[in-house]
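Q: Shown below is the structure under consideration.
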Amino acid sequence: MYVWHFDAVFDNWEVFADGAQVTAELTLFAFAIAVVLGLLIALARLSRSAVLRGPATFYVEAFRSTPALVQLVWIYYALPILTGIRLSGFTSIALGLGLHTAAYFSEIFRGGILSIERGQVDAAKSVGMIYFQAMRRIILPQAVRRMIPPFMNETANLIKLTALGSILAVYELLHASDVLITSTYRPLEIYTATAIVFAMIIYPLIYMSRLLEKNWGARAR
Amino acid sequence: MSESMDLAKDVRTTQDKAGNEPMFRVRNLHKRFGPLEALKGVSLDVQPGEVMVVIGPSGSGKSTMLRCLNFLEEYDEGEVYFDGELVGYRILPNGRRVRERERRVAQMRAQMSMVFQHFHLWPHKTVLQNVMEGLVVVKKENSKRAAARSIELLRRVGLADKCDVHPSLLSGGQMQRAAIARALAMEPKAILFDEPTSSLDPELVGEVLDVMRSLARNGEPHRQATTMIVVTHEIGFAREVADRVVMMDGGVIIEEGPPDQVLRKPVHPRTQAFISAVLH
Chain A
1 MYVWHFDAVF
11 DNWEVFADGA
21 QVTAELTLFA
31 FAIAVVLGLL
41 IALARLSRSA
51 VLRGPATFYV
61 EAFRSTPALV
71 QLVWIYYALP
81 ILTGIRLSGF
91 TSIALGLGLH
101 TAAYFSEIFR
111 GGILSIERGQ
121 VDAAKSVGMI
131 YFQAMRRIIL
141 PQAVRRMIPP
151 FMNETANLIK
161 LTALGSILAV
171 YELLHASDVL
181 ITSTYRPLEI
191 YTATAIVFAM
201 IIYPLIYMSR
211 LLEKNWGARA
221 R
Chain W
1 MSESMDLAKD
11 VRTTQDKAGN
21 EPMFRVRNLH
31 KRFGPLEALK
41 GVSLDVQPGE
51 VMVVIGPSGS
61 GKSTMLRCLN
71 FLEEYDEGEV
81 YFDGELVGYR
91 ILPNGRRVRE
101 RERRVAQMRA
111 QMSMVFQHFH
121 LWPHKTVLQN
131 VMEGLVVVKK
141 ENSKRAAARS
151 IELLRRVGLA
161 DKCDVHPSLL
171 SGGQMQRAAI
181 ARALAMEPKA
191 ILFDEPTSSL
201 DPELVGEVLD
211 VMRSLARNGE
221 PHRQATTMIV
231 VTHEIGFARE
241 VADRVVMMDG
251 GVIIEEGPPD
261 QVLRKPVHPR
271 TQAFISAVLH
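Which chain is which? The protein sequence lines are A and W, in order. The first sequence stops at residue 221 when you use our numbering, and every number in between is there. The second sequence stops at residue 280 when you use our numbering, and every number in between is there.
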């Protein structure tokens with residue numbers, strides 16, 4: 001029977017705090033990139049212009065059909081050789097996960113927008129709105145409600161993917177734990193604690209999404 | 001308001017300025033959906049203040065024609081002029097026809113609101129917000145004035161007590177009356193009704209027709225009566241309110257004239273068959 005010694009965790013709690021902070025920062029940057037880029041890609045794919053649709057579709061398929069890990073090492077190792085642009089580990093991860101998640105976000109946005117029946121836009125146009133106004137005032141407010149569950153799901157995924165930062169020695173939660181293990185020799189306790197810290201970050205988001213859904217469901221229908 | 005009026009006076013018109021300018025002038029209108037030709041050359045004029053009722057079997061192109069008038073449907077051939085101006089396209093100096101700028105199309109649409117078969121109220125907004133939306137977003141009115149005017153319109157259609165309710169709590173008839181108030185709020189020169197009572201339970205049809213009747217009889221006191229184009233199967237309404245009835249079949253107009261003639265003594269056998277079928 002294994003005897004747990006969580007002292008290693010409690011004595012080094014600030015390592016987890018630091019790691020969690022970097023994880024949060026990575027998530028924040030990647031999230032911002034993914035939301036903005038994802039919305040643009042979704043709109044491009046919904047556009048009537050083939051010049052916009054084509055590349056946007058290619059982008060989504062390219063990022064969805066390759067592993068995030070491969071995308072990240074490619075940005076870190078291949079990009080500087082090809083372009084001379086050398087990014088730090090942190091920037092590579094934030095950018096790479098942003099680009100990666102944008103592909104998935106864009107599909108969520110596109111699906112949400114497409115789920116709104118055409119008559120809603122017709123009505124907006126019939127009072128003189130342009131596409132942008134109809135999108136902002138009529139389509140997105142309705143679509144966002146339907147997007148929330150898959151969007152939160154994908155955001156939770158993004159947070160978990162930041163653990164890939166450990167392969168580029170970015171000091172996020174997992175790498176911080178790895179480093180701690182080399183000095184404490186307590187991998188079981190530390191990896192367990194790492195999992196718990198991740199859950200502590202992610203679960204509130206899931207809970208919040210459920211509250212939002214309930215609240216909107218009660219008001220809209 | 002004055003700004004949009006100025007723009008409306010913009011040139012590009014092919015109308016003779018001498019006589020009455022029709023509110024709508026449609027010439028040789030064609031619309032295809034893939035292999036299906038929905039409109040095969042429709043021409044008609046609608047005069048300001050006129051109430052025109054369009055009848056015909058389903059699939060005859062009535063709704064498509066209506067949707068081409070405000071460019072919700074892009075037409076392929078022919079012309080639609082609204083108040084003297086080509087709708088949806090502009091002609092380049094070299095004679096080629098290109099799609100009009102989006103803003104310009106939107107400005108024209110704001111002057112001819114539409115009422116839909118399935119209402120298309122915005123479910124995330126209250127009834128009052130539905131009516132105000134165009135005033136605030138398109139006409140940039142301040143929300144207090146827009147609200148006051150919208151409440152007045154909702155009173156006119158008998159929904160003053162439903163202002164703060166979401167549309168999903170209304171009956172079909174109430175929804176359609178709210179949609180009419182939304183269309184009226186824009187103070188349009190014309191209103192396009194696309195089968196406004198077809199999705200209503202029979203006992204709710206009357207309240208919607210009553211509102212439309214009152215619109216047709218008198219516009220607001222200080223304004224000319226609103227031009228109305230109504231696609232409907234309500235023959236009684238057509239008989240009573242229409243200045244003119246147009247019968248469509250197979251993507252063309254096969255008969256038109258005053259309601260007494262078209263509805264009581266139709267000439268075309270297909271009109272005869274259609275009317276007796278609807279009245280059975």
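Beta carbons: idealized from backbone N, C-alpha and C, even for Gly. Note that the structure is predicted; figures quoted are calculated from it, not measured.
Listing by chain order, which chain A residues have their CB less than 8 Å from the CB of Gln107/W?
A: Numbered from 1 along the second sequence, position 107 holds the residue referred to as residue 107/W. Within chain A, the residues whose beta carbon sits less than 8 Å from that of Gln107/W are Gly128, listed in sequence order.
Q: Does the beta-carbon distance from Gln117/W to Ser168/W come in below 7 Å?
A: Translated into positions along the second sequence, residue 117/W becomes position 117. Translated into positions along the second sequence, residue 168/W becomes position 168. No, they are not a contact pair.
Q: Name, please, each residue of chain A whose Cβ falls closer than 8 Å to the Cβ of Ser113/W.
A: In the second sequence, counting from the first residue as 1, residue 113/W sits at position 113. The contacting residues are Ser126, Val127.
Q: Please report the distance separating the alpha-carbon of Phe281/W from that of Val246/W.
A: With chain W represented from 1 up to 280, any question about residue 281/W goes unanswered, as that position is not in the structure.
Q: To the nearest angstrom, how far is it from the Cα of Asp194/W to the Cα of Ser63/W?
A: Here the question's residue 194/W lines up with position 194 in the second sequence. Here the question's residue 63/W lines up with position 63 in the second sequence. If I take the Cα positions, the gap works out to 6 Å.
Q: Using a C-beta to C-beta distance shorter than 8 Å, which residues of chain W count as neighbours of Arg137/A?
A: As a position in the first sequence, residue 137/A is number 137, starting the count at 1. Those within 8 Å of Arg137/A in chain W are Glu133, Val137.
Q: Using a threshold of 7 Å, state whether the C-beta atoms of Ala147/W and Leu159/W are closer than that.
A: Here the question's residue 147/W lines up with position 147 in the second sequence. Here the question's residue 159/W lines up with position 159 in the second sequence. Cβ distance not < 7 Å, so Ala147/W and Leu159/W don't count as in contact.
Q: For a cutoff of 7 Å on Cβ pairs, would you count Glu102/W as touching chain A?
A: Along the second sequence, read from residue 1 onward, the residue named residue 102/W stands at position 102. With 7 Å as the cut-off, Glu102/W counts as an interface residue toward chain A.
Q: Tell me which residues share the same chain as Phe151/A and place their Cβ nearer than 6 Å to its Cβ, disregarding the 5 neighbours each side in the sequence.
A: Taking the first residue of the first sequence as position 1, residue 151/A is located at position 151. Excluding positions up to five away in sequence, the list reads Ile108.
Q: Name the chain A residues that come within less than 9 Å of Leu159/W, Cβ to Cβ?
A: Looking up residue 159/W in the second sequence gives position 159. Simply none; closest approach about 17 Å.
Q: Taking any Cβ of chain A, which residues in the segment 48 to 70 of chain W have a Cβ under 9 Å from it, in chain order?
A: Arg67, Asn70
Q: Is it buried or exposed, Thr4/A, if we count other Cβ atoms within 10 angstroms and call 16 or more buried?
A: Translated into the one-based positions of the first sequence, residue 4/A becomes position 4. Residue 4/A is actually Trp in this sequence, not Thr. It is exposed - the Cβ of Trp4/A has fewer than 16 other Cβ atoms within 10 Å.
Q: For a minimum of 4 consecutive residues, which ranges assigned as the alpha helix (DSSP H) are wholly contained in the segment 206 to 277 of chain W?
A: Listed in chain order, they are 235 to 241.
Q: For chain A, is any of its Cβ atoms less than 7 Å away from the one on His30/W?
A: Within the second sequence, residue 30/W is the residue found at index 30, counting from 1. Judged by the 7 Å Cβ criterion, His30/W is not in contact with chain A.
Q: Any chance you could list the alpha helix (DSSP H) runs of at least 4 consecutive residues sitting entirely within the segment 91 to 172 of chain W, in chain order?
A: 102 to 110, 127 to 137, 143 to 156
Q: Using the beta-carbon of each residue, which ones in chain W are nearer than 7 Å to Gly119/A?
A: Residue mapping note: residue 119/A aligns to position 119 of the first sequence, counting from 1. In chain order, Phe116, His118, His120 make up the part of chain W whose C-beta sits under 7 Å from the C-beta of Gly119/A.
Q: Could you check what DSSP says for Arg110/A in three-state terms: helix, strand or coil?
A: The residue you call residue 110/A lines up with position 110 of the first sequence. Note: Arg110/A maps to helix in three-state DSSP.
Q: Does the beta-carbon distance from Ala190/W to Val53/W come in below 7 Å?
A: Within the second sequence, residue 190/W is the residue found at index 190, counting from 1. Within the second sequence, residue 53/W is the residue found at index 53, counting from 1. Their beta carbons are not under 7 Å apart, which means Ala190/W does not touch Val53/W by this criterion.
Q: DSSP on Ile55/W, reduced to helix/strand/coil?
A: By 1-based counting over the second sequence, the position of residue 55/W is 55. The answer is strand: DSSP assigns Ile55/W an E or B state.
Q: With which residues is Lys40/W paired in a DSSP beta bridge?
A: To locate residue 40/W, count along the second sequence from 1; it is residue 40. DSSP output for Lys40/W lists His30/W as bridge partner(s).
Q: Quick check on this structure: which residue in Ala123/A, Ala42/A, Ser47/A, Thr162/A has the alpha carbon closest to the alpha carbon of Gly98/A?
A: The residue labelled residue 98/A in the question sits at position 98 within the first sequence. When only C-alpha atoms are compared, the closest one is Thr162/A.
Q: Please report the residue range of the alpha helix (DSSP H) in which Tyr59/A lies.
A: For this step, residue 59/A is matched to residue 59 along the first sequence. First-last of the alpha helix (DSSP H) with Tyr59/A: 50 to 64.
Q: Just reading off the beta strand (DSSP E) that Phe82/W is part of, what are its end residues?
A: Here residue 82/W refers to the residue found at position 82 of the second sequence. Residues 77 to 82.
Q: Which stretch, first to last residue, makes up the beta strand (DSSP E) that contains Phe6/A?
A: By one-based count along the first sequence, residue 6/A stands at place 6. Counting along the chain, Phe6/A sits inside no beta strand (DSSP E), nor does DSSP assign it H or E at all.
Q: Rounded to whole angstroms, what is the Cα-Cα separation between Ile113/A and Arg45/A?
A: The residue you call residue 113/A lines up with position 113 of the first sequence. The residue you call residue 45/A lines up with position 45 of the first sequence. Going by the C-alpha atoms only, they are around 11 Å apart.
Q: Might you give, ordered along the chain, the residues of its own chain that have their beta carbon closer than 7 Å to the beta carbon of Ala134/A, omitting 5 neighbours on each side?
A: The residue given as residue 134/A occupies position 134 in the first sequence. Counting only Cβ-Cβ distances below 7 Å, and skipping sequence neighbours, we find Val121, Ala124, Lys125.
Q: Out of curiosity, what's the CA-to-CA distance linking Leu184/W and Arg104/W?
A: In the second sequence, the residue the question calls residue 184/W occupies position 184. In the second sequence, the residue the question calls residue 104/W occupies position 104. Whole-angstrom Cα-Cα distance: 20 Å.
Q: Cα separation between Ala103/A and Pro204/A?
A: Translated into the one-based positions of the first sequence, residue 103/A becomes position 103. Translated into the one-based positions of the first sequence, residue 204/A becomes position 204. Near 24 Å, if we compare the C-alpha coordinates of Pro204/A and Ala103/A.
Q: Excluding five sequence neighbours on each side, which residues of the same chain lie with their C-beta closer than 8 Å to the C-beta of Trp13/A?
A: Against the first sequence, residue 13/A aligns to sequence position 13. Cβ neighbours of Trp13/A beyond the five flanking positions: none.
Q: Do you know how far the Cα of Leu215/W is from the Cα of Leu39/A?
A: Position 39 of the first sequence holds residue 39/A. Position 215 of the second sequence holds residue 215/W. The straight-line gap from Cα to Cα measures roughly 43 Å.
Q: Can you give me the C-alpha to C-alpha distance between His222/W and Leu135/W, rounded to a whole angstrom?
A: By one-based count along the second sequence, residue 222/W stands at place 222. By one-based count along the second sequence, residue 135/W stands at place 135. At His222/W, the pLDDT of 49 sits below 50, so the modelled position is not reliable and the matter cannot be decided from this model.
Q: What's the gap between the Cα of Phe10/A and the Cα of Ser166/A?
A: For this step, residue 10/A is matched to residue 10 along the first sequence. For this step, residue 166/A is matched to residue 166 along the first sequence. Cα-Cα distance, rounded: 22 Å.
Q: Could you spell out the range, first to last residue, of the alpha helix (DSSP H) harbouring Phe31/A?
A: Along the first sequence, one-based indexing puts residue 31/A at 31. 13 to 46 is the span of the alpha helix (DSSP H), which, as asked, contains Phe31/A.
Q: Which residues bound the beta strand (DSSP E) around Asp194/W?
A: The sequence position of residue 194/W within the second sequence is 194, counting from 1. It spans 190 to 194 - the beta strand (DSSP E) in which Asp194/W sits, taken as one unbroken run.
Q: Write down the C-beta distance between Ala30/A and Ala94/A rounded to the nearest angstrom, noting that I regard them as a contact closer than 8 Å.
A: Residue numbering aside, residue 30/A sits at position 30 when the first sequence is read from its first letter. Residue numbering aside, residue 94/A sits at position 94 when the first sequence is read from its first letter. Right, the Cβ-Cβ distance comes to about 5 Å (below 8 Å), so this counts as a contact.
Q: Between the Cα of Pro141/A and the Cα atoms of Arg145/W, Glu141/W, Ile151/W, Trp122/W, which residue gives the shortest distance?
A: Position 141 of the first sequence, counted from the first residue, corresponds to residue 141/A. Nearest option by C-alpha distance: Trp122/W.
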